[in-house]
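Note sheet for the following structure.
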Amino acid sequence: MLLLLSAIVAQIKRIFSMSDSQFFSLSSSSCDGSGSPSGAAPAPNMVGSSASGDDNRSRQLTSQVSRHWQDVFWMGVFMLHLVLIGVALAVLGFNRFREKDRLKIDRFTKMILENQPGLTEDFWPFYTVAGAVGTVLAWAWLVLLGSSASNMMKLSVHILTTYLAVISVLCFWQKQFFWGVAFAVGAALQFLYVISVIDRLPFTMLVLQRSVKMVCSLPEVMGVSCAFMLVMLSWLVLWSFGVAGVVALSIGDGGRWWLLVVFCVSLFWTGAVLCNIIHVIVSGMVFLVLIHGDRQATSMPPKPLKKSLRYAVTTSFGSICYGSLFTAAIRTLRWKIRGVRSKIGKNECLLCCVDFLFHLVETFVRFFNKYAYVQIAVYGKNFNRSARDAWELFQSTGVEALIAYDCSGAVILMGTVVSGLVAGTCAGIWTRIKHPDRVMMVGSTSMLMGMILVGLATVVVESAVTSIYICYAEDPVLIQRWDAEFYNKMSEMLHQRLQHRSSRATQVFTSRFDSQTPENTV
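Following this line, the structure appears as structure tokens:
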């Protein structure tokens, strides 16, 4: 059965590959088109190494010619979703603001009445605490980015497992068995993941340090992050007002949880859109700096930040909305599967199962990956084409092997989750004192608030990481000119990873050939 499903996935990938080649033949691609095998390391004089190639990319990013609007449908869906969710939040919050059942909503919930209603203002202060803690942590990330970012990320990697385990114990102590099991499973998965990738952390920290160096040379992107943090806080005022009204609503826990799930999914999408707007802006700035060699170079175009911002919130906004809906979940699943896959060993049955899931997720990654945002920033393409171009570029140059080894995105996510847990814990402790029966509702939603606020700060580093990899794949000379030592270490690691893949493929082929040899001789 698994072999059949694997064959189906392989066939789907072949079909997508055929359609991609037909599509790319009709339009200009950012890839080199050399058709070099994925096992070949990128040569220093690859794509765009000439001055004319750099000028062409720079003109595309800062051109006065208006770009075409991309993925307009998804922009419309996102804006409509904001309007509907905003109205629902305002109604539910106002319904119990200073007066119970002000809008007579309880008449629709008589069958599940709990007789334990509250007021919106009873729970709204708890979310104020979560927002305040999340904002402080986000500002701390931005302030300490230049001096202690590496130490903060290392601390996040090691403390997350312990934090999840402690919260699990507290949940069991409060007889919240579902949440206790959920946090215990999360702690176990986090521990296994860190063990599986611990040998990759030195290279990951190297990439993160250089990315922080790049971000610190662009102080204006810090201002962009702060500005969008204020935008998010403005939306969180309304969101927390409505969610506080939901927690106070006089319906059963099941009804409240369903409403909270809907509003949390909405908040996640909204937060991801704002993060990816920053991603596109920072990617465009980093790309320009690497092309021109320095932020203060005389060849740098005027007002690049303003133009990147304009593209991100107008012509490319639909692509950002579309990608934000799917990319994060697929990325997280891919990290976990890669970590498990690397530690399976010779258990062929388990390896077959994990390989099937891995190839399935890889198919989705080809069309939904974070590197698409760099292509969107530089070339103004739609999201799917940007994701395909980026992935084709990585596979054709072999840089995909380096990206698979790097865990910078996972490390940044760990820091974001730890910060969210701190915000949720602070709000949960106060809720435990005032309303013990609402601890998990307030704590879990407050955790999401904290994660999103801190994510708006840490996304600037992740944007620099993705831009560095795209530039390295397109033209390694750009990285060499910017930081020769870092370029040498990246090239050395890429060579090692390609050798590792080659030897592993040879080993798998030899083992399969040896297992079939007795049958053939008989």
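Per full-length UniProt numbering, the sequence shown starts with residue 1, numbered consecutively. Built from N, CA and C at the ideal position, the CB exists for glycine as well. Since the structure is predicted, the reported quantities are computational estimates derived from the model, not experimental observations.
With the rule of 3 Cβ pairs closer than 8 Å, the region 432-441 does not count as touching the region 380-393. Residue burial annotation: L448 is buried, with at least 16 other C-beta atoms found within 10 angstroms of its C-beta.
In the three-state scheme derived from DSSP, where H, G and I count as helix and E and B as strand, A248 is classed as coil.
Residues C171 and M440 of the same chain have their beta carbon placed closer than 6 Å to that of W179, with the five preceding and five following residues left out of the count.
If one requires a minimum length of 4 residues, the alpha helix (DSSP H) runs lying completely within the region 70-135 are 72-95, in chain order. Here V282 has V221, V460, S463 and A464 as same chain residues with Cβ atoms under 7 Å from its own Cβ, once five neighbours each way along the sequence are excluded.
Counting other Cβ atoms within 10 Å of its Cβ, H68 stays below 16 and is therefore classed as exposed. Distance from the CA atom of V286 to the CA atom of V215, rounded to whole angstroms, is 8 Å. If you draw a 10 Å sphere on the C-beta of S308, you find 16 or more other C-beta atoms in it, and that means buried.
In chain order, N95 place their CB closer than 7 Å to the CB of I105, counting only its own chain and leaving out the 5 sequence neighbours on each side.
Taking C-beta atoms under 8 Å as the contact rule, V157 and V194 qualify, at a distance of about 6 Å. Straight-line measurement puts the Cα of L103 at about 41 Å from the Cα of G415. Between Y379 and G323, the C-beta gap is not smaller than 8 Å, which leaves the two residues out of contact. Exclusion of the five residues before and after L201 leaves no residue of its chain whose Cβ lies closer than 6 Å to its Cβ. Counting the other CB atoms within 10 Å of its CB gives T327 a total of 16 or more, which places it among the buried residues. Following the DSSP letters along the chain, one finds I429 inside the alpha helix (DSSP H) bounded by residues S408 to K434.
For K213, the enclosing alpha helix (DSSP H) has its first and last residue at L201 to C216. Nearest C-alpha to F486 among M300, F126 and T204: T204. About 17 Å separates the beta carbon of G255 from that of T120, a gap too long to meet the 8 Å contact definition. In terms of CA proximity to L233, I452 leads the group I452, I468 and T298. Collapsing the DSSP output to three states places K370 in coil. Looking at the backbone, the Cα of D199 and that of A188 are separated by about 19 Å. Between the alpha carbons of P301 and N276 lies a gap of roughly 23 Å. DSSP places Q174 in the coil class of the three-state scheme, outside both helix and strand. Residue range V439 to E474 is occupied by the alpha helix (DSSP H) that includes S446. Sequence-distant partners of T135 (beyond 5 residues in either direction) whose C-beta falls short of 8 Å from its own C-beta, in its chain, are M229, L233 and L453.
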